[in-house]
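Protein sequences, first through last, are from chains P and U. Using the working numbering, the first residue of the first sequence is number 642, and each one after it goes up by one. Using the working numbering, the first residue of the second sequence is number 642, and each one after it goes up by one. Note that CB positions come from ideal geometry on N, CA and C, so glycine has one too. What follows is a single structure, written as structure tokens, with notes after it.
Protein chains: 2
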Amino acid sequence: MRARSDPAGNLANGTLHHRIRADLEGKILSGEWPPGHRVPFEYELMAGYDCSRMTVNKVLSGLAAAGLIERRRRAGSFVRRPQFQSAVLQIHDIKAEISGRDQAYEYELLSQRRRKANAGDREALAVGPQVGILALRCRHFADRRPFALEERLINLAAIPAGETIDFRTEPPGTWLLGHVPWTEAEHHISAAEADAEMAHRLEVVKGSACLVVRRRTWRAGETVTVVRLIFPGPSYHLVARFTPSQR
Amino acid sequence: MRARSDPAGNLANGTLHHRIRADLEGKILSGEWPPGHRVPFEYELMAGYDCSRMTVNKVLSGLAAAGLIERRRRAGSFVRRPQFQSAVLQIHDIKAEISGRDQAYEYELLSQRRRKANAGDREALAVGPQVGILALRCRHFADRRPFALEERLINLAAIPAGETIDFRTEPPGTWLLGHVPWTEAEHHISAAEADAEMAHRLEVVKGSACLVVRRRTWRAGETVTVVRLIFPGPSYHLVARFTPSQR
DNA sequence: CCGAGGGTTTTGTCTATACATAAGCGCCGC
DNA sequence: GCGGCGCTTATGTATAGACAAAACCCTCGG
């Protein structure tokens with residue numbers, strides 16, 4: 642094996658490919674290598690860092706997977722222009738979110754009905770007729786004040802176990818989160834004015850602004866559940882923290 | 642080299658590690674391997690797929706990077722419980738978003754001021770005093786109707802080039818998106834009631850519900866820009882589509 | 001009973017090598 | 001000039017082997 646220890650000793654933390662990765666990311670993020678700039682070829686990096694090709698290949702593949710560079714055979718690797726589209730986001734389970742803030746979490750099941758999918762359900766869940774669905778309505782409380790109103794449909798054809806769970810004690814979102822894997826989800830986030838019932842349930846005045854989040858979740862092409870969460874007015878805000886790993 | 646061709650010929654698409662990856666992902670997502678289940682050891686997979694350890698290692702590392710499994714030395718690899726936290730999201734540039742819907746996009750710069758950071762700026766951008774900032778206010782239109790109101794602060798210490806750009810023609814968001822790389826962003830999404838000025842600018846009645854998105858963007862620990870986007874009421878909704886690649 | 005130490009197992013990293021594949025480049029003949 | 005063929009080059013994939021590091025496990029000594 643060749644000598645790889647950095648004689649100057651600077652930046653000697655982490656493993657070799659971590660250091661190389663950090664190096665290259667630094668050059669890209671600092672703007673030293675602007676979008677379109679050609680990253681050195683693998684054999685050049687290999688010579689520069691005095692390591693094998695597999696090692697630089699791993700780093701470059703990682704950067705490509707993270708969307709920072711684009712690789713083209715025969716041509717080389719190029720810095721991609723930054724793209725907001727797609728990034729890593731965090732959305733928490735409501736129960737965990739409230740508990741995490743050291744507030745008292747409470748939960749109330751308003752209604753639970755099992756039925757064959759009606760026209761509205763079929764549209765929302767994209768299922769055929771005669772499919773069993775579970776319709777739930779519930780409220781979440783933080784420190785005894787209404788935090789959110791939840792209206793949920795669960796596709797029992799996809800989640801037969803849903804029928805056997807006691808949703809009087811465990812919120813459906815929490816249960817699903819922990820037990821059902823998913824492959825895709827879609828959020829529609831909008832603002833709406835509270836109608837009479839929403840206002841009553843959330844203990845706000847009618848017409849006040851509410852944040853409405855509608856989420857549809859799929860597993861392998863099949864709609865698993867659709868939920869509408871209504872948060873009272875300016876008191877709540879959704880926090881989403883991103884890191885750019887566009888794909 | 643050993644015989645690797647699949648005699649039955651099934652699932653022979655893609656490369657070896659793609660097939661292995663798809664196989665394992667399938668078992669996890671289908672629930673065949675529930676959360677907590679121990680994935681076969683590398684040497685077992687190696688024997689099962691008749692390939693080298695580097696190949697299965699690449700696959701398992703990828704699954705770990707994607708957050709589907711967790712790897713522990715000496716113990717093995719385990720299926721992680723599904724987590725909503727963090728997933729890939731798409732948010733578009735406003736200009737691109739409107740144009741993409743085949744609506745006419747228009748843009749109006751309301752005001753642009755260059756100043757030393759005042760107390761409010763310093764808090765919002767987390768910069769010291771005496772730092773130059775650019776304060777912008779503008780409106781976006783879709784099909785001649787107000788689509789969003791934008792209030793933006795740009796940290797000129799981080800983006801000196803910001804001073805030389807003509808934001809009367811190009812929206813600041815679009816310019817930044819194409820020219821400034823970022824390492825982290827945070828969104829606060831909430832609902833608010835329109836005050837007199839917002840109502841006037843967005844051509845809605847005072848007190849109506851608006852969707853407010855506040856985004857802070859960092860590059861290498863330094864706040865680059867803070868923007869507040871205000872969308873009029875129920876007419877607009879933010880769409881976020883996810884795939885689970887939690888990290 | 002408890003804590004220290006050593007052995008074992010599994011993942012983590014790295015090397016050197018090999019062949020496959022895609023795509024740009026230039027040469028050649030027409 | 002120009003279309004096609006083949007050479008070259010860079011990446012993509014895969015192998016076999018090696019050592020390192022972490023962490024569980026068991027045993028031994030007090």
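Pull up the distance between the alpha-carbon of R755/P and that of A776/P, whole angstroms please.
Their backbone Cα atoms lie some 6 Å apart in a straight line.
Any chain P beta carbon closer than 9 Å to F872/U
By this cut-off, F872/U is an interface position.
Reducing DSSP to helix, strand and coil, say where G769/P ends up.
Note: G769/P maps to coil in three-state DSSP.
Indicate whether the contact test is met: 3 or more Cβ pairs, each with one atom in the stretch 824 to 835 of chain P and one in the stretch 796 to 805 of chain P, closer than 8 Å.
Not touching, per the Cβ criterion.
Quick one: any contact between the stretch 855 to 867 of chain P and the stretch 785 to 797 of chain P, if contact means 3 or more CB pairs under 8 Å?
As far as the Cβ criterion goes, the stretch 855 to 867 of chain P touches the stretch 785 to 797 of chain P, which means the pair count is three or higher.
Cβ of T824/P less than 9 Å from any chain U Cβ?
So yes, T824/P belongs to the interface.
Chain P within 9 Å of R660/U, Cβ atoms only:
Interface annotation, R660/U: not in contact with chain P, CB-CB separation never under 9 Å.
Distance, Cα to Cα, F788/U vs P813/P?
Answer to the nearest angstrom: the Cα atoms are 36 Å apart.
Express the C-alpha separation of G819/U and T696/U in angstroms, rounding to a whole number.
Using only the alpha carbons, I get a separation of about 37 Å.
Under three-state DSSP, which class holds A706/U?
DSSP, read as helix, strand or coil, puts A706/U in helix.
Is there contact here, the stretch 714 to 723 of chain P with the stretch 757 to 773 of chain P, by at least three beta-carbon pairs under 8 Å?
Between the stretch 714 to 723 of chain P and the stretch 757 to 773 of chain P, the count of C-beta pairs closer than 8 Å stays below three; the two stretches do not touch.
DSSP-derived helix/strand/coil call for E666/U
Here DSSP, grouped into helix, strand and coil, assigns E666/U to helix.
Chain-ordered neighbours of G819/U on chain P, where CB pairs are closer than 7 Å:
Taking a Cβ-Cβ cut-off of 7 Å, the neighbours of G819/U in chain P comprise R722, given in sequence order.
According to the neighbour-count rule (16 or more other Cβ atoms, all chains shown, within 10 Å of its Cβ), is I661/U buried or exposed?
Classification for I661/U: buried.
Among G677/U, K668/U, A765/U, which residue has its Cα nearest to the Cα of T858/U?
With distances taken between Cα atoms, T858/U lies closest to A765/U.
Tell me the start and end of each unbroken beta strand (DSSP E) in the stretch 844 to 873 of chain P that is at least 3 residues and wholly inside, in chain order.
The stretch 844 to 873 of chain P contains these whole beta strand (DSSP E) runs: 850 to 860, 863 to 873.
For a quick check, are the C-beta atoms of R712/U and S702/U less than 9 Å apart?
Cβ distance < 9 Å, so R712/U and S702/U count as in contact.
Name the DSSP bridge partner or partners of V720/U?
Beta-bridge pairing links V720/U to I710/U.
Do we get a CB-CB distance below 9 Å when we pair A728/U with the residues of chain P?
Any reading at A728/U is ruled out, since the residue's pLDDT is 46, under 50, leaving its predicted position unreliable.
Near L750/P, which residues of its chain fall below 6 Å by C-beta distance, leaving aside the five closest residues on each side in sequence?
Hits under 6 Å: C779, F808, R809.
Within 9 Å, strictly: CB atoms of V845/U and R856/U
Between V845/U and R856/U, the CB-CB gap reaches or exceeds 9 Å.
Determine the extent of the alpha helix (DSSP H) in which P787/P is found, giving its start and end residues.
Here P787/P belongs to no alpha helix (DSSP H); instead the beta strand (DSSP E) covers 786 to 796.
A745/P (DSSP reduced to helix, strand or coil)
Looking at A745/P - three-state DSSP - the assignment turns out to be coil, as it is neither helix nor strand.
Helix, strand or coil for I800/U? Go by DSSP, reduced to three states.
Looking at I800/U - three-state DSSP - the assignment turns out to be coil, as it is neither helix nor strand.
Quick check: is the beta carbon of C851/P nearer than 9 Å to any beta carbon in chain U?
Yes, C851/P counts as interfacial toward chain U.
For V768/P, which option in A799/P, Y748/P, H841/P has the closest C-alpha, if you only look at C-alpha atoms?
Checking every option, the nearest Cα to that of V768/P belongs to A799/P.
For the stretch 785 to 800 of chain P, which residues have a CB atom closer than 8 Å to at least one CB atom of chain U, in sequence order?
The stretch 785 to 800 of chain P vs chain U, Cβ under 8 Å: nothing.
Comparing alpha-carbon positions, which option in Y877/U, S849/U, G773/U, L657/U lies nearest H781/U?
Of the candidates Y877/U, S849/U, G773/U, L657/U, the one whose C-alpha sits nearest the C-alpha of H781/U is Y877/U.
So which residues on chain U does A833/P lean against when the C-beta distance must stay under 8 Å?
Close to A833/P, with beta-carbon spacing below 8 Å, are these residues of chain U in chain order: A832, A850, G874, P875.
For G655/U, is the classification buried or exposed, using 16 other Cβ atoms within 10 angstroms of its Cβ as the cut-off for buried?
In the assembly as shown, G655/U is an exposed residue. Its beta-carbon has fewer than 16 other beta-carbons within 10 Å.
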